[in-house]
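Residue numbers (my numbering): 1017 to 1210. Ideal placement from N, C-alpha and C gives every residue a C-beta, glycine not left out. Owing to the predicted nature of the structure, the values given are computational and were not obtained by experimental measurement. Heads up, the thing below is written out as structure tokens.
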Ligand code: HQG
């Protein structure tokens, strides 16, 4: 039976998860809004609002999370008074990503359950603004592994897709993004022979 995870208001990892929820999906949880241009949040308001939700947080703790996050999920602006998630948003924001021709191959981690649908309709952003792709297979495998069921790593013919007019972006933390991708540019694992 699945056990409901207990919230740990002091754990830095769970605080980081909460911040990513706020900065990507639900800023209203701490009573703030994200700027439409750049998805920036005011640092003081974020800290105050997060504290009101029962978390232990101050500027020092936030600095530590930004500095040590394994995926570089968050970034401050140059002045250090605003913060944002580098990618992964579902809220309606405009990110200043610049189009860039991707490497020949990128990877997307998913689950066996999604395969038929991806084979038919390609990769779609689902709840987020973009489809997320990784430059290395291991990272993609970890992303896919967060889901139930068998993890599948799809190879993306990104170089070819870029030359065919699909626009790719790279977030500040290195994650590759594309609006959607038809199945023609996706290499699927071969079906098991009966
Ligand atoms: C799947 C993590 C059916 C897709 C990672 C995925 C990532 C389809 C799910 C970031 C589909 C969407 C994003 C289609 C795509 N039919 N299923 N046509 N097209 N899917 O969470 O890529 O650790 O929105 O394969 O590092 O899993 O949170 O995207 O399984 O960068 O910082 O629909 O989240 O970052 O799921 O993960 P998600 P994702 P963090």
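- DSSP places residue 1186 in no alpha helix (DSSP H) but in the uninterrupted beta strand (DSSP E) bounded by 1184-1186.
- Taking all protein chains in view, the Cβ of residue 1204 is surrounded by fewer than 16 other Cβ atoms within 10 Å, so the residue is classified as exposed.
- DSSP, reduced to helix, strand and coil, places residue 1069 outside both helices and strands of the structure shown, so it counts as coil.
- In this structure the stretch 1063-1078 does not touch the stretch 1164-1172; the number of beta carbon pairs closer than 8 Å is below three.
- Straight-line measurement puts the Cα of residue 1206 at about 43 Å from the Cα of residue 1056.
- Per the coordinates, the alpha-carbon of residue 1125 lies some 25 Å from the alpha-carbon of residue 1082.
- With fewer than 16 other CB atoms across the displayed protein chains lying within 10 angstroms of its CB, residue 1198 is exposed.
- Runs of the alpha helix (DSSP H) lying entirely within the stretch 1063-1118 and spanning at least 4 residues, in chain order: 1075-1084.
- In chain order, 1116 and 1192 place their CB closer than 6 Å to the CB of residue 1186, counting only its own chain and leaving out the 5 sequence neighbours on each side.
- In this structure, the CA atom of residue 1201 is about 44 Å from the CA atom of residue 1060.
- By the neighbour-count definition (other C-beta atoms within 10 Å, threshold 16), residue 1076 is an exposed residue.
- The residues 1171, 1172, 1173, 1174 and 1175, in chain order, have a CB closer than 8 Å to that of residue 1121 in the same chain once the five nearest residues on each side in sequence are set aside.
- From the listed residues 1143, 1148, 1152 and 1097, the smallest Cα separation to residue 1106 is found for 1143.
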